[in-house]
Amino acid sequence: MPYKLPFRVVHVTSQDENYPAFELNRHSPATRGWISSRFCIYPQQIVFALDQRARLRKIQILCHQYLIASRVEFFVGDTLGEDIQHYRSARYTRLGYVSLSDNESTDFKARELKSVHVDATGTYVQLLLHKNFPNKHNLYNQVGLIAVNLIGDVLRKPSSHDPEEPNTFVQRPDFIPPTEDLAFDIYQDPEVANIIRRLEKQKLSAVSQERFDQAQKIRDAIGYLQRVSRSEVLRHFGRVRALIDQQLRFDLSSTIVD
1 MPYKLPFRVV HVTSQDENYP AFELNRHSPA TRGWISSRFC IYPQQIVFAL DQRARLRKIQ
61 ILCHQYLIAS RVEFFVGDTL GEDIQHYRSA RYTRLGYVSL SDNESTDFKA RELKSVHVDA
121 TGTYVQLLLH KNFPNKHNLY NQVGLIAVNL IGDVLRKPSS HDPEEPNTFV QRPDFIPPTE
181 DLAFDIYQDP EVANIIRRLE KQKLSAVSQE RFDQAQKIRD AIGYLQRVSR SEVLRHFGRV
241 RALIDQQLRF DLSSTIVD
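So in full-length UniProt numbering, spot 175 of the sequence shown is number 175, and the numbers just go up one at a time.
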């Protein structure tokens, strides 16, 4: 089942000193994102290295509200068979591109989230950001990204020591849980997000074992957590425990930290 792939930025054409590219390595509501240097040369290039070779299924980018590229191209790079693993020695395949909105209709207040479904194997992902849309807020012709998300399956040889995973979605191998979506991390408190992810795994396990009553209770608990703020979770976590402890023996008090 596809999930969020860990990655890091290994190359960027330029960056604003206050918005460096390594900001894209993590997702949270506090993420500041990357911005190119002033009056940069286009296209701007960003290369991400995956922790492990993987089959990519989905690429997501959250764009800046007014430092907007007119178009973004996507490439996957592979170094299979190469002695040296380096982004420069990878062979890149163009996956396609997306055109972005100039955002005038929202008065530059909304951020556009683009999700691109792909099917490609590799170790590197490259983005090319083309010339910015001119507007009254973008005085230095820059482009920016708030966040990037790469979803897929790590490719590795199976081991007899690997734990057997629940065969929940054997008929849906491309199913992507909502907790893997970029919007989930960007707009969800990190600690609450961690709790929801643990519950989501418990829910999938319950469904795979056909314990549907238990799965429904977990689903209700997840829905409650998504509706309330972090302060409410901390203040009323006893209600959440009451919903799930009987079935899961899941100790929220060990997960929530003041």
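We put the CB at the ideal spot given by N, CA and C, even for glycine.
| Asked | Found |
| --- | --- |
| Residue burial classification, glycine 152 (beta-carbon count within 10 angstroms, cutoff 16) | buried |
| Minimum length 4: unbroken alpha helix (DSSP H) runs contained in the UniProt domain "UVR" (193-228) | 212-227 |
| Whole beta strand (DSSP E) elements within the stretch 59-122, 3-residue minimum | 71-78 and 91-99 |
| Span of the beta strand (DSSP E) around phenylalanine 7 | 7-12 |
| Euclidean distance between Cα positions of tryptophan 34 and glutamine 52 | 24 Å |
| Alpha-carbon to alpha-carbon, isoleucine 41 and proline 29 | 30 Å |
| Lysine 4 classed as buried or exposed, judged by whether at least 16 other C-beta atoms fall within 10 angstroms | buried |
| N-terminal and C-terminal residue of the alpha helix (DSSP H) that alanine 183 is part of | 182-186 |
| Helix, strand or coil at phenylalanine 22 according to DSSP, with G and I counted as helix | helix |
| Beta-carbon proximity check, valine 10 vs glutamine 126, cutoff 8 Å | no |
| The stretch 215-225 touching the stretch 185-204, judged by at least three CB pairs closer than 8 Å | yes |
| Contact the stretch 68-75 vs the stretch 14-21: 3+ CB pairs below 8 Å | no |
| Unbroken beta strand (DSSP E) run spanning phenylalanine 147, endpoints | For the sequence presented, residue 147 should be read as alanine rather than phenylalanine. 144-154 is the span of the beta strand (DSSP E), which, as asked, contains alanine 147. |
| Residue environment, serine 160, which counts as buried when at least 16 other CB atoms sit within 10 Å | Confidence at serine 160 is low in this model, with a pLDDT of 48, below 50, so its placement is unreliable and the value that follows should be read with caution. So serine 160 counts as exposed. |
| Lysine 58 versus Phe175, Asn103 and Leu100, residue with shortest Cα-Cα distance | Phe175 |
| Rounded C-alpha distance that separates lysine 203 from glutamate 104 | 42 Å |
| Per-residue DSSP class, three states only, for isoleucine 256 | The pLDDT assigned to isoleucine 256 is 44, lower than 50, so where the model puts this residue is not dependable, and the model offers no usable value. |
| Min CB distance glutamine 226 to chain B below 8 Å | This model lacks chain B altogether; it includes just one protein chain. |
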